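If you're matching them up, the sequences are chains A and B in order.
Per our numbering, the very first residue in the first sequence carries number 10; after that it's consecutive.
Per our numbering, the very first residue in the second sequence carries number 10; after that it's consecutive.
Just so it is clear, CB atoms sit at the ideal spot from N, CA and C, and this is done for glycine as well.
Note that the structure is a prediction, hence the values are computed from the model and not measured.
I have placed the structure first, in the form of structure tokens, so that the comments after it can refer back to it.
There are 2 protein chains.
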Amino acid sequence: MKPSSRITIRDVAATAGVSVATVSKVLNARYGVSAATSAHVQSVIRELGYEASLVAQSLRNHKTNVIGILVADLEPFSTELLKGAAKAIKGTGYELVVYSAGGRTGDQAGWEQRYLSRLSGTLIDGAVLVTPTVVDVDYGTAVVAVDPHAGPTGLPTVDSDNLNGGRLAAEHLLGHGHRRIAMITGRPDLESSRLREQGFRDAMRDAGVPVDPDLIEVGDYDPDSSAAAARLLLGRPDRPTAIFGANDVSAIAAVEVAASMGLRVPGDLSVVGFDNVPEAALASPALTTVDQPIHAMGHHAIELLIKLIHGEEVDATHLRLPTRLVVRQSTRAL
Amino acid sequence: MKPSSRITIRDVAATAGVSVATVSKVLNARYGVSAATSAHVQSVIRELGYEASLVAQSLRNHKTNVIGILVADLEPFSTELLKGAAKAIKGTGYELVVYSAGGRTGDQAGWEQRYLSRLSGTLIDGAVLVTPTVVDVDYGTAVVAVDPHAGPTGLPTVDSDNLNGGRLAAEHLLGHGHRRIAMITGRPDLESSRLREQGFRDAMRDAGVPVDPDLIEVGDYDPDSSAAAARLLLGRPDRPTAIFGANDVSAIAAVEVAASMGLRVPGDLSVVGFDNVPEAALASPALTTVDQPIHAMGHHAIELLIKLIHGEEVDATHLRLPTRLVVRQSTRAL
DNA sequence: ATCGTTGTTGATATCGTTATCGGAAGTTAC
DNA sequence: GTAACTTCCGATAACGATATCAACAACGAT
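As structure tokens, then:
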């Protein structure tokens, strides 16, 4: 009583007493089949529980209706982006395949390159890249990059106003009287990281506060690396009164390091993050952070990608969404 | 200068001066091709940057090397499970497609049924179901359920020891002197929810403490629903001194409701959760909770599924992983 | 010289679907 | 009654890969 092999269009044609061509026409609502036979074929389809093979359709139509999303790792930011993308994709007729490089497992750069060449035109119709090492090459497919690699790139892009975000964070701390403000920066190869730092520096300059080079440490957007940076910063004799973390992960790591050193946040140290992932609101103390509309970014990335796949004209291939400051409990006036 | 259409096996055969059959043999390392031609063909493949079409291979081989994971929603638990699955799938030769029903959007039950019938045998070789409404039907594919629907089911399953977990939570609170202990239960249709409640009741009975029916409210594993339940419980004149949330989401919701009512956790109210998602450690106060090894569950689900796909003998189709109590700051002796 | 063996290669059918095109009816107009 | 349409339907060639099987050459054995 095994279900035997899958029901094909031929089975349907046979039991309906028509040709496969007719069944195909019925399936795709093509012109050239009478109402009567159409109804009959449809009833047979229902009766047999026939479903067209997506694989065969893909081969024939040169499109798979699958969109890939490549993330370097499932950390909070990409997870949120994934949620936004997953929601956006509903009802579009596309499916979402998730490829995760699986963290810093020495997989090295270029994995998305390899993935893409293997998949494009064969398993996916397009891809959203949420991964650092995006090089500006001609992928065979439609591609949208989120928070892309530094450097001018011709790739369609979705990001947020990182420059202004960095400025907002610094201004918030400056406005609260802080002067010795440290920063744990992100991955130097990421455009977002550079812009956040630049915004931070701009605000400091505008306020006439010099940036102490000793108070800038690289955190790589990564908890361990950021914790090390925080330990360095807070171990200094003239330790900073505030830290700006390039993302929430590094800010939270800084808070934890501070706590382990007996420093109270925000009593002894103010901390500002970036991203406003859900964890920021849950952290204790709740993290003051720069919000980027992550879900919306995922949404726009999918929308943009689908337009590109369809070959539609897109007015702006570089979408930049606004950032804003969310004040919570991790900052206090000096 | 467009890349023109994709390079096919025919192009390779043509430029290499051999037949497609030979190229195919080289690709699959089949017997029957001389070392010389093999080397030559391989160099042509490299030169042209040829990649075999996964779609065509799928059609021909009746397998796609894609595994689907169906989640009802990307809440913390499924997100963690997804991470575990994503990590486990690396190096297996399979890809992971994520299907999210997108929350309680009236999509109604049966969506995974529809998905599966549309995808199985055509786009995916098997599926992991992380979704409530798993009915015990014969899906056309290999299927593994995580935290399945209540009721005996023949489906291969991965879950954790929910019964003992519920007991651990209750015993912890009882051991701290609590007697008026409330519970916010999960979705009544889920086996996990029922078992957690049962374990809770068992421990209460063994301790000789009667369960006040007024102190059991349904939370559906959902933040809003759980918050409503918490408001009900904490609004009572004889309010409980402790709450056991059927998952971390409801426990955190309860903490928030308590805070909004001016109650201090753990001072005025002890709260225990279930799952030990990352949010539990970040919450303030850090949540005492019952840990289930979510990543491991994802890992085992993928492993089991791949074995099923390969038709291997599996010793146990029902994997039950242990739970353990993680004591943090949200509970205190009465 | 004939036969069998081994090693290498290529034609070809097939997977399940869709687009194209031709043919068989039926209908209308003269 | 025939020409010109309309409808409706089916045969068939793709899509890109793989497995089967036949063909063929080279070789040694008889």
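May I ask you to list the residues that DSSP assigns as paired with residue i?
{"i": "Asp277(A)", "result": "BP columns for Asp277(A) are empty, so no partner."}
{"i": "Ile133(B)", "result": "Ser129(B)"}
{"i": "Glu56(B)", "result": "DSSP, once it has assigned bridges, lists no residue as partnering Glu56(B)."}
{"i": "Leu105(B)", "result": "Val107(A), Ile76(B)"}
{"i": "Glu226(A)", "result": "Ile193(A)"}
{"i": "Ser169(A)", "result": "Leu330(A)"}
{"i": "Ile252(A)", "result": "Ala191(A), Val280(A)"}
{"i": "Asp215(B)", "result": "In DSSP, Asp215(B) forms no bridge with anything."}
{"i": "Asp300(A)", "result": "Asp284(A), Arg333(A)"}
{"i": "Val21(B)", "result": "According to DSSP, Val21(B) bridges with nothing at all."}
{"i": "Leu138(B)", "result": "Leu79(B), Ala154(B)"}
{"i": "Leu183(B)", "result": "According to DSSP, which records beta bridges pairwise, Leu183(B) is partnered with nothing at all."}
Can you tell which of the options has the C-alpha that lies nearest to the C-alpha of residue i?
{"i": "Gly276(B)", "options": "Val286(B), Val264(B), Thr140(B)", "result": "Val264(B)"}
{"i": "Leu296(A)", "options": "Val336(A), Ala255(A), Asp168(A)", "result": "Val336(A)"}
{"i": "Leu172(B)", "options": "Thr150(B), Leu199(B), Gly163(B)", "result": "Leu199(B)"}
{"i": "Gly184(B)", "options": "Val21(B), Ile16(B), Leu343(B), Thr24(B)", "result": "Leu343(B)"}
{"i": "Ile18(B)", "options": "Thr131(B), Ala216(B), Glu60(B), Ser47(B)", "result": "Glu60(B)"}
{"i": "Ser293(A)", "options": "Val29(A), Gln338(A), Val167(A), Pro249(A)", "result": "Gln338(A)"}
{"i": "Pro197(A)", "options": "Val220(A), Tyr230(A), Leu177(A), Ala65(A)", "result": "Tyr230(A)"}
{"i": "Leu57(A)", "options": "Leu328(A), Val258(A), His49(A)", "result": "His49(A)"}
{"i": "Gly163(A)", "options": "Arg123(A), Val53(A), Val153(A)", "result": "Val153(A)"}
{"i": "Glu104(B)", "options": "Leu91(B), Gly41(B), Ile76(B), Arg341(B)", "result": "Ile76(B)"}
{"i": "Leu83(B)", "options": "Leu79(A), Ala81(A), Thr88(A), Pro219(A)", "result": "Thr88(A)"}
{"i": "Ser235(A)", "options": "Asp257(A), Arg214(A), Leu314(A), Asn70(A)", "result": "Asp257(A)"}
{"i": "Ile252(A)", "options": "Ser28(A), Ile193(A), Leu132(A), Asp20(A)", "result": "Ile193(A)"}
{"i": "Asp156(A)", "options": "Val139(A), Ile303(A), Gly186(A)", "result": "Val139(A)"}
{"i": "Gly271(B)", "options": "Thr298(B), Asp168(B), Arg240(B)", "result": "Arg240(B)"}
{"i": "Val80(A)", "options": "His71(A), Asn70(A), Leu91(A), Gly186(A)", "result": "Leu91(A)"}
{"i": "Leu328(A)", "options": "Thr166(A), Gly228(A), Ala238(A), Thr340(A)", "result": "Thr166(A)"}
{"i": "Val27(A)", "options": "Val42(A), Ala38(A), Ile16(A)", "result": "Val42(A)"}
{"i": "Ile225(A)", "options": "Ala238(A), Ile311(A), Pro232(A), Gly217(A)", "result": "Ala238(A)"}
Does the CB of residue i have a neighbour CB from chain B at under 7 Å?
{"i": "Arg333(A)", "result": "no"}
{"i": "Leu36(A)", "result": "no"}
{"i": "Arg127(A)", "result": "yes"}
{"i": "Leu272(A)", "result": "no"}
{"i": "Leu57(A)", "result": "no"}
{"i": "Ser234(A)", "result": "no"}
{"i": "Val107(A)", "result": "yes"}
{"i": "Ser67(A)", "result": "yes"}
{"i": "Val323(A)", "result": "no"}
Are the C-beta atoms of residue i and some chain A residue less than 7 Å apart?
{"i": "Ser62(B)", "result": "yes"}
{"i": "Ser259(B)", "result": "no"}
{"i": "Leu132(B)", "result": "yes"}
{"i": "Gly100(B)", "result": "no"}
{"i": "Arg337(B)", "result": "no"}
If we count Cβ pairs, one from each stretch, closer than 8 Å, do we get three or more for the stretch 266–284 of chain A versus the stretch 319–329 of chain A?
Cβ pair count under 8 Å is below three, so no.
Determine, using beta-carbon pairs with one atom in the stretch 208–218 of chain B and one in the stretch 232–246 of chain B, whether at least three such pairs fall under 8 Å.
no
Members of the stretch 287–310 of chain B near chain A, C-beta cut-off 8 Å
Pro287, Glu288, Leu291, Ala292, Ser293, Pro294, Ala295
Residues of the stretch 69–97 of chain B in Cβ contact with chain A at a cutoff of 8 Å, in chain order, please.
Residues passing the 8 Å Cβ filter: Thr73, Val75, Leu83, Thr88, Leu91, Lys92, Ala95, Lys96.
Check whether the stretch 123–132 of chain A and the stretch 85–102 of chain A touch, using three or more Cβ-Cβ pairs below 8 Å as the test.
no
Tell me, please, whether the stretch 176–190 of chain B touches the stretch 278–292 of chain B by the rule of three or more beta-carbon pairs shorter than 8 Å.
Judged by Cβ distances under 8 Å, the stretch 176–190 of chain B makes contact with the stretch 278–292 of chain B, as three or more pairs qualify.
At least three beta-carbon pairs within less than 8 Å, the stretch 62–73 of chain B to the stretch 41–48 of chain B
no
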